[in-house]
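Visitor:
Protein chains: 2
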Amino acid sequence: MDTRSEAEIRADLNYLFDKASQVLTSRTAAALAAVGITPRGYCVLAKAQPGTLTQGELAELALLDKTTMVVTIDQLEAAGLARRQPSPTDRRVRIVQTTEAGDQVVAQARKIMDEVYAEVLGGLPDGERNSLLDALVRLVGPAGPLHAAPPVASARRRPSRPVRS
Amino acid sequence: MDTRSEAEIRADLNYLFDKASQVLTSRTAAALAAVGITPRGYCVLAKAQPGTLTQGELAELALLDKTTMVVTIDQLEAAGLARRQPSPTDRRVRIVQTTEAGDQVVAQARKIMDEVYAEVLGGLPDGERNSLLDALVRLVGPAGPLHAAPPVASARRRPSRPVRS
DNA sequence: TATTGTTATACTCTATAACTATA
DNA sequence: TATAGTTATAGAGTATAACAATA
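Heads up: the sequence lines are chains A and B, in that order.
Each residue of the first sequence is one higher than the one before, counting from 1 in this note's numbering.
Each residue of the second sequence is one higher than the one before, counting from 1001 in this note's numbering.
#1: Taking all protein chains shown into account, decide if arginine 1092 of chain B is buried (16 or more other Cβ within 10 angstroms of its Cβ) or exposed.
#2: For threonine 25 of chain A, go through chain B and note every residue whose CB falls closer than 9 angstroms to its CB, in chain order.
#3: Can you give me, in chain order, the residues of the stretch 37-50 of chain A that have a beta carbon less than 7 angstroms from any beta carbon in chain B?
#4: Identify whether proline 1142 of chain B lies in helix, strand or coil by the three-state DSSP scheme.
#5: Beta carbons nearer than 9 angstroms to chain B: which residues of the stretch 127-139 of chain A have them?
#6: Among A:Ala107, A:Val116, A:Leu132, A:Gly127, which has the Cα closest to the Cα of leucine 1121 of chain B?
#7: I need the boundaries of the beta strand (DSSP E) containing valine 23 of chain A, first residue and last residue.
#8: DSSP three-state label for proline 86 of chain A, please.
#9: Could you tell me the distance, in whole angstroms, from the CA atom of threonine 1089 of chain B to the CA atom of glutamine 1104 of chain B?
#10: Over what stretch of residues does the alpha helix (DSSP H) that includes threonine 68 of chain A continue unbroken?
#11: Please determine if the stretch 133-144 of chain A and the stretch 1122-1130 of chain B are in contact, where contact requires at least 3 C-beta pairs separated by less than 8 angstroms.
#12: How far does the alpha helix (DSSP H) with arginine 1040 of chain B in it extend, from its first residue to its last?
#13: Could you check what DSSP says for valine 1093 of chain B in three-state terms: helix, strand or coil?
#14: If you follow the alpha helix (DSSP H) that leucine 53 of chain A is in, where does it begin and where does it stop?
#15: Grab the span of the alpha helix (DSSP H) containing valine 1120 of chain B for me, first residue to last.
#16: Are three or more beta carbon pairs between the stretch 1096-1110 of chain B and the stretch 1073-1083 of chain B nearer than 8 angstroms?
#17: In whole angstroms, what separates the C-alpha of arginine 1094 of chain B from that of glutamate 1119 of chain B?
Take a look at the structure:
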């Protein structure tokens, strides 16, 4: 049972976002497992559908680090949902394309996500639901106060041992 | 630069919550470092101020696992901000109390958090800011669709090797 | 037997640094 | 020199399982 007053809960924006993110992620992960994809995999795969974006561009779109993107594409490729295509003009870059299976999974996943979102947001009054989404987009979107943000040069990690591959 | 349409961004609720949580957490962590406490530590320490709650009750309040609470209280205790007091009526439980230093840190931290929240939410129109908070409280609060939620019995970990302490 | 707190450990996500191959 | 992608690894956050003390 939650014994805190609503005023106290309201004051804790960080807590609200953390829990919302955490619970929604675990819920979407459970729902998407039915079609064999993770929330992050779906997020990336759906954005790759144009078939023209490089890994770096996808990373920027999804606000993921390039190293996270490598792992994500590895998984999607192993599952047969995406493939890396060497760029004809720059042999360093890889264009990410969805496979037919990948497109099917995206379509199924999109439905699943729509259902989950409808369940989650269904209880809110229309006006509040729209305000919530507007506010989130404003906060997180480009130029918003929560867009990316490694501003404070905080504690550096200690250097790792040299790589001996 | 974010080249997605606003409609596409709006459709991705999970993404919005993830990024909001992630960026706000890193921002509050940087701000709170000035008074030597983490966002989670502050969250727990502030809730412990009544001085009557057990670790388990605190864990429930903060929606943290009891094992996470052990680690958190360990840190707060090591920093001299909280102490574990054995319950006079049940020798299994530990009452968590804040120290004087802890109360001071909470007061300072509260100011810092208020400032960060004001910066983050300041750009939103009044109505939208209120709707955002109302909606979040409704979603995450007790009885909300995002309150706790390990409903789907998903993949179990493999058992760990027996503990030999 | 059940519960509180603890320890050990596992898993996920994210990020830093060094590295390879190109440009 | 600089950039795209890769590998190895660090670190935070969270959670499961086994355990000890107590109820």
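Where a beta carbon is used, it is the ideal one built from N, C-alpha and C, also for glycine.
Keep in mind that this is a model prediction, so the values were computed, not measured.
Guide: Reading it off the structure:
#1: As a position in the second sequence, residue 1092 of chain B is number 92, starting the count at 1. Answer is exposed; the Cβ neighbour count stays below 16.
#2: Locating residue 25 of chain A in the first sequence gives position 25, counting from the first residue. Residues of chain B passing the Cβ test: Asn1014, Phe1017, Asp1018.
#3: Pro39, Cys43
#4: Mapped onto the second sequence, residue 1142 of chain B falls at position 142. Here proline 1142 of chain B sits in coil by DSSP.
#5: Gly127, Glu128, Arg129, Asn130, Ser131, Leu132, Leu133, Asp134, Ala135, Leu136, Val137, Arg138, Leu139
#6: Here residue 1121 of chain B refers to the residue found at position 121 when the second sequence is read from its first residue. Looking at the Cα atoms, A:Leu132 is the closest of the given residues.
#7: The sequence position of residue 23 of chain A within the first sequence is 23, counting from 1. Run containing valine 23 of chain A: none in the beta strand (DSSP E); it sits in the alpha helix (DSSP H), 13-32.
#8: For this step, residue 86 of chain A is matched to residue 86 along the first sequence. In this structure, proline 86 of chain A counts as strand in the three-state DSSP scheme.
#9: Residue 1089 of chain B sits at position 89 when you count from the first residue of the second sequence. Residue 1104 of chain B sits at position 104 when you count from the first residue of the second sequence. The straight-line gap from Cα to Cα measures roughly 29 angstroms.
#10: Position 68 of the first sequence, counted from the first residue, corresponds to residue 68 of chain A. 66-78 is the extent of the alpha helix (DSSP H) around threonine 68 of chain A.
#11: In this structure the stretch 133-144 of chain A lies against the stretch 1122-1130 of chain B, because at least three pairs of beta carbons, one per stretch, are closer than 8 angstroms.
#12: Indexing the second sequence from 1 puts residue 1040 of chain B at position 40. 1039-1048 is the span of the alpha helix (DSSP H), which, as asked, contains arginine 1040 of chain B.
#13: For the purposes of this step, residue 1093 of chain B is identified with residue 93 of the second sequence, where counting begins at 1. It is coil, neither helix nor strand.
#14: Working through the first sequence from its first residue, we reach residue 53 of chain A at position 53. Taken as a continuous stretch (DSSP letters only), leucine 53 of chain A belongs to no alpha helix (DSSP H), as it is neither H nor E.
#15: For the purposes of this step, residue 1120 of chain B is taken as residue 120 along the second sequence, with counting starting at 1. Secondary structure note for valine 1120 of chain B: its alpha helix (DSSP H) is the uninterrupted segment 1100-1121.
#16: yes
#17: One-based indexing of the second sequence puts residue 1094 of chain B at position 94. One-based indexing of the second sequence puts residue 1119 of chain B at position 119. Using only the alpha carbons, I get a separation of about 38 angstroms.
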